[in-house]
Amino acid sequence: MEQYDVAVIGGGVVGCAIARELSRFRLKVALLEKEADVCRGTSGKNSAVVHTGFNVKTGSLKARLNVAGARMFEEYCAELDVPFKRVGKLVIALSEAEVPDLAELKATGDANGVPSLELIDGATIRKMEPNISGVAALNVPTAAITSPFHLTIALAEAAAANGATVMLQAEVTAISSKGGAFRLTTRRGAIESKLVINSAGIYADHVARLAGVRRYRVYPCRGQYFIIDKAKGDLIKRMVYPVPPKGGSGLGVHLTPTVDGNILIGPSAEYVRRKDDVSTTRAVARQLLKEAQQLLPAITPRDVIAAYAGLRAKTTPSSVGGFGDFIIEEAEECQGMLHLIGIESPGLTAAPAIALEAAGWVGKYLPLVPNGHLSPKHNGAVPFRDLPPERQAELVAQDSDYGRIVCRCETVTRKEVKEAIENPLGARSLNSIKYRARVTMGRCQGGFCGPRVVDMLLQEYNVPLPEINLKGPGSSLFTGEVKGLRKPCAQK
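So the numbering used here is basically just the index in the sequence shown, starting at one, shifted up by 20.
In structure tokens form, the structure reads like this:
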């Protein structure tokens, strides 16, 4: 049985950040993820915002880690070659009645140490964002956006490069403790570890119960989103938020530009019963559009190219609502296991700071000796579409696959798809390729590139047809062949 110093349960952004931080030291680290790739839960289905902390309760653990993480984030992304854009944010008062709420938000932000907050009037709003409606706003110039897919994947790959073991499809089904070590039974076999970190997100309470800790309860709260076509991406330059609803379970339906040029609308805030309920609904879709149009009237239904939903890990039930604090603690009844409970927004922003917190806890048990074989940077590739024409020409001359476009909407080359398929984690589902190369993310949602990616898997990587899937086992795209599978037509 393989033995480790630390086992991290959960391949979301926080779990991957912890694994990467621990890989800096001479520790044998395992990252266990139940899905076929990292970033399959909340980390891959959120607003992609680097929050500043102006709306988080002063003095809370959440506020401290939010502000600390925000200060680290730009350098963090630079180390990992992950997109980061400090676009700023406006919190809009749509009526005079909401203006006092802006002053309250500013006061909270000032108390939390958020820099450069400023109250502005309607005329200034229109100068900054001509398409936005509002009577006043809180200007948050230090707010930023990132790519949660690329960040989480880069963290996992960096951890692996530093010697950590990343185990996919390794759902933990049992935890026992004996002789100063934990035995973790997974769907890929059992391992032993001196310490365990529970970073299982929406399932963190379930993982805690496997270890005999029953004090936690995580409530799933769904957030639905729209994705707006890049053609309308220039309607706003920065994030646009409403005044948060008092006692609400979310920050309200907001408009968020993405690092790739789209606009996100959402999220909703709906408590749901099942922890796998990421469905989207017609009623909420109508409400999202209605609330978005109050801020940005130019948005129309035909601008929407896709919808998705994610789940927040709430520690407060629907009867209470609002936001609970982060819980990061070692339960008395299970020493040697750190639990991360209720890591909802701003969990993405706080991830670098949470990783340091977790490493500090590990240091109480094990010596943190620097890893002499550390790979300090993760070398990501700049998308071909973002390169200057001269550099594009050089790459095409070096490798003709750079000159063959697989995804027209996102201008993704055959070479980039190959690099995504050959990723270090060995994840080969269509979603894994999508999150690395952006194929199927454009206006046609895979109508053009989807069959071409499938053809590459079949012809160049010899993946059997039944094994080509959307997101892992149980999501096969094909049930069989019709009159036999034809080979591609020969090119003259």
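Every residue, glycine too, gets a C-beta built ideally from N, C-alpha and C.
Integer-rounded CB distance, given that Q244 should sit under 8 Å from A329: With a Cβ gap of about 4 Å, A329 and Q244 count as contacting.
L158: first and last residue of the uninterrupted beta strand (DSSP E) it sits in: From DSSP, the beta strand (DSSP E) with L158 extends over 156 to 160.
Whether P161 touches R106 by CB criterion (9 Å): Yes, Cβ-Cβ distance for P161 and R106 is below 9 Å.
Near the ligand ZN: V474 beta-carbon under 8 Å from a heavy atom: For the ligand ZN, the structure offers nothing, since it holds no ligand at all.
In chain order, each beta strand (DSSP E) run of at least 3 residues that lies wholly inside the region 374 to 461: Here the runs fully enclosed are 425 to 427.
Per-residue DSSP class, three states only, for V192: If DSSP states are grouped into helix, strand and coil, V192 belongs with the strands.
Pick from W381, I363, E436 that is closest to L81, judged by C-alpha positions: Nearest of W381, I363, E436 to L81, Cα basis: I363.
Inter-residue Cα distance where the pair is V34 and A210: Rounded to whole angstroms, V34 and A210 show a C-alpha spacing of 23 Å.
Three-state secondary structure (DSSP) of V279: Assigned with DSSP and collapsed to three states, V279 falls in coil, not helix or strand.
A174 classed as buried or exposed, judged by whether at least 16 other C-beta atoms fall within 10 angstroms: With 16 or more other Cβ atoms within 10 Å, it is buried.
Inter-stretch contact (C-beta, 8 Å, three-pair minimum) for the region 158 to 172 and the region 64 to 81: As far as the Cβ criterion goes, the region 158 to 172 touches the region 64 to 81, which means the pair count is three or higher.
Continuous beta strand (DSSP E) stretch holding N86: start and end: Counting along the chain, N86 sits inside no beta strand (DSSP E); it lies in the alpha helix (DSSP H) bounded by residues 81 to 100.
Contact under 9 Å by Cβ, L110 with Y261: Note that the C-beta distance between L110 and Y261 is below 9 Å.
Of the listed residues Y481, P366, D130, L158, nearest to G142 (C-alpha basis): The shortest Cα separation from G142 among Y481, P366, D130, L158 belongs to L158.
Status (buried if at least 16 other CB within 10 Å, exposed otherwise) for S452: With 16 or more other Cβ atoms inside 10 Å of its own Cβ, S452 counts as buried.
Length-filtered (3 minimum) beta strand (DSSP E) runs lying within the region 213 to 300: Listed in chain order, the beta strand (DSSP E) elements of length 3 or more contained wholly in the region 213 to 300 are 239 to 248, 259 to 262, 274 to 277, 283 to 286.
Member of K250, E353, I29 whose CA lies at the smallest distance from the CA of M187: When only C-alpha atoms are compared, the closest one is I29.
Three CB pairs or more closer than 8 Å across the region 404 to 413 and the region 380 to 390: No: the two stretches stay apart, fewer than three of their Cβ pairs being nearer than 8 Å.
Reduced DSSP category for I38 - H, G, I as helix; E, B as strand; rest coil: Helix at I38.
Close-in-space but distant-in-sequence residues of the same chain around T128 (CB under 8 Å, 5 per side omitted): Around T128: F74, N75, V76, K77, T78.
C-beta atoms of G89 and P265 nearer than 9 Å: At the C-beta level, G89 and P265 stay beyond 9 Å of one another.
Beta-carbon gap between A27 and V49 smaller than 9 Å: Yes, they are a contact pair.
Simplified DSSP state of H71, which is helix, strand or coil: Note: H71 maps to coil in three-state DSSP.
Where M21 sits in the DSSP three-state scheme: Three-state result, M21: coil.
E501, DSSP secondary structure in three states: Of the three classes helix, strand and coil, the one that applies to E501 here is coil, per DSSP.
Nearest-angstrom Cα separation, counted from E414 out to L230: The straight-line gap from Cα to Cα measures roughly 54 Å.
Between the CA atoms of R306 and I283 - distance to the nearest angstrom: One C-alpha to the other measures close to 17 Å.
Those residues which DSSP pairs with D141 across a bridge: According to DSSP, D141 bridges with A156.
Beta strand (DSSP E) segments (min. 3 residues) lying fully within the region 303 to 380: Within the region 303 to 380, the complete beta strand (DSSP E) segments at least 3 residues long are 324 to 334, 347 to 350, 357 to 361, listed from N- to C-terminus.
Segment limits, alpha helix (DSSP H) that includes K514: An answer regarding residue 514 cannot be provided, because it is not within the stretch 21 to 512 covered by the chain.
Contact check, L42 vs S153, beta carbons under 9 Å: In this structure, S153 does not lie closer than 9 Å to L42 by Cβ.
Selection from N182, G232, A181, A184 that minimises the alpha carbon distance to A194: The candidate whose alpha carbon is nearest that of A194 is G232.
Nearest-angstrom beta carbon gap, I374 and Y236 [assumed within contact, 8 Å]: No, Y236 and I374 are not in contact; Cβ-Cβ is about 17 Å, not under 8 Å.
Euclidean distance between Cα positions of L255 and E22: If I take the Cα positions, the gap works out to 54 Å.
Distance between T300 and A37 (C-alpha atoms, nearest Å): For A37 and T300, the gap between their C-alpha atoms comes out near 29 Å.
Inter-residue spacing [alpha-carbon to alpha-carbon] between K334 and S213: Approximately 29 Å, taken between the alpha carbons.
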